[in-house]
Amino acid sequence: MTDKNNSLHIISSLLSLIFLCGCVTIYNPATGKQELILIDTQQEVSLGKTLSRQIEAEKPLSKDKDKITRLKKIGTKIAGASDRTDIEYHFRLIDDEELNAFALPGGFIYVNSGLMNIASDDELACVLAHEVGHIAARHSVKKLQTALGYQIIISLAFKNASAIDTKRALNIIYSVTSLGYSRADERLSDKLSVRYAQRAGFKPQAMISFLKKLKKEQERQGVSYHLAFLSSHPAIDERIKNTEEEIKKLRNDPAIH
Numbered sequence: 127m128t129d130k131n132n133s134l135h136i137i138s139s140l141l142s143l144i145f146l147c148g149c150v151t152i153y154n155p156a157t158g159k160q161e162l163i164l165i166d167t168q169q170e171v172s173l174g175k176t177l178s179r180q181i182e183a184e185k186p187l188s189k190d191k192d193k194i195t196r197l198k199k200i201g202t203k204i205a206g207a208s209d210r211t212d213i214e215y216h217f218r219l220i221d222d223e224e225l226n227a228f229a230l231p232g233g234f235i236y237v238n239s240g241l242m243n244i245a246s247d248d249e250l251a252c253v254l255a256h257e258v259g260h261i262a263a264r265h266s267v268k269k270l271q272t273a274l275g276y277q278i279i280i281s282l283a284f285k286n287a288s289a290i291d292t293k294r295a296l297n298i299i300y301s302v303t304s305l306g307y308s309r310a311d312e313r314l315s316d317k318l319s320v321r322y323a324q325r326a327g328f329k330p331q332a333m334i335s336f337l338k339k340l341k342k343e344q345e346r347q348g349v350s351y352h353l354a355f356l357s358s359h360p361a362i363d364e365r366i367k368n369t370e371e372e373i374k375k376l377r378n379d380p381a382i383h
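Count along the sequence shown from 1, add 126, and you get the number used in my numbering.
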């Protein structure tokens, strides 16, 4: 047997072991698809906690009690209206004027004070719903599974979660957080933000007004001005158009709420 055939045989055997151990596809209501999720919730939350400590060692958290209360109140409503309520969500405010927000796996969501300062409650709800959407769709988890590949198959086949290279896993997630998700992932999170905001009692149209604020800020600052919140997203005009279409769908078909 050649080395290539031997490798394929090993992978095939390991995959068989995984499924014999009970790993099956699950339906993800956020994506509307059956998905093979190999990293369980406990591992996801553990990775998120570790990365959150790293983030908070690098970035100062705000001590503004009123803003923190506002953030948590709105965030809790959005989380409760999402397609994923099996985890505890943590909403934290970073003392930074840059217009940005991001999510870590396991329910950790960070918002910069600069973004909160320009957002109404409904707009903030839509931003948080977008980030919750990434977690509900398990975007970072799926990126991590793809990147770890063969290693995670081995660890699961032999029920040895510690075999996963935690440092490498954290670097992968940190990269996703810093550089952004794929545009397809961002489009889905925009769609979910409209749905979650609506379910939680907020105005989904606020996502459009918020995007227009970002567009105005870009125009004011000039072409070279970089907004981290938009770094990996489709163009603002495209996002506005897609959001308008999604809102129309909600109005015409209440069943998809």
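C-beta: ideal position from N, C-alpha, C; glycine also.
Fully contained in the region 218-251 are the following beta strand (DSSP E) runs of length 3 or more, in chain order: 227-230 and 234-238.
Within the region 173-223, the complete alpha helix (DSSP H) segments of 4 residues or longer fall at 191-206, listed in chain order. Secondary structure note for Q160: its beta strand (DSSP E) is the uninterrupted segment K159 to E161. Its chain contains A245, E249, C252 and V253 as the residues whose beta carbon lies nearer than 7 Å to that of F336, once the 5 sequence neighbours on both sides are disregarded; these appear in chain order.
I165 sits in coil when the DSSP states are folded into three classes, being neither helix nor strand. Residue pairing by DSSP places Y153 opposite Q160 in a beta bridge. About 7 Å separates the CB atoms of K175 and G232; that is less than 8 Å, so the two are in contact. DSSP, reduced to helix, strand and coil, places Q344 within a helical segment of the structure shown. About 6 Å separates the CB atoms of L219 and S239; that is less than 8 Å, so the two are in contact. Shortest Cα-Cα distance from K342 to any of I362, I200 and K189 involves I362.
Annotation: D166 to Q347 spans about 43 Å, alpha carbon to alpha carbon. The three-state secondary structure of G259, taken from DSSP, is helix. In this structure, the straight-line span from the alpha carbon of Q169 to that of Q180 is close to 17 Å. A263 sits away from A183, with the two beta carbons spaced by 7 Å or more. If you look at Q324, you'll find it in the alpha helix (DSSP H) that goes R309 to R325. Distances from the alpha-carbon of L164 to those of K367, Y215 and T272 put T272 closest.
Judged by DSSP secondary structure, K269 falls within the alpha helix (DSSP H) whose first and last residues are H265 to L274. Between E214 and the set E223, I261 and L187, the nearest pair of CA atoms involves I261.
In this structure, the beta-carbon distance from K203 to A326 falls below 7 Å.
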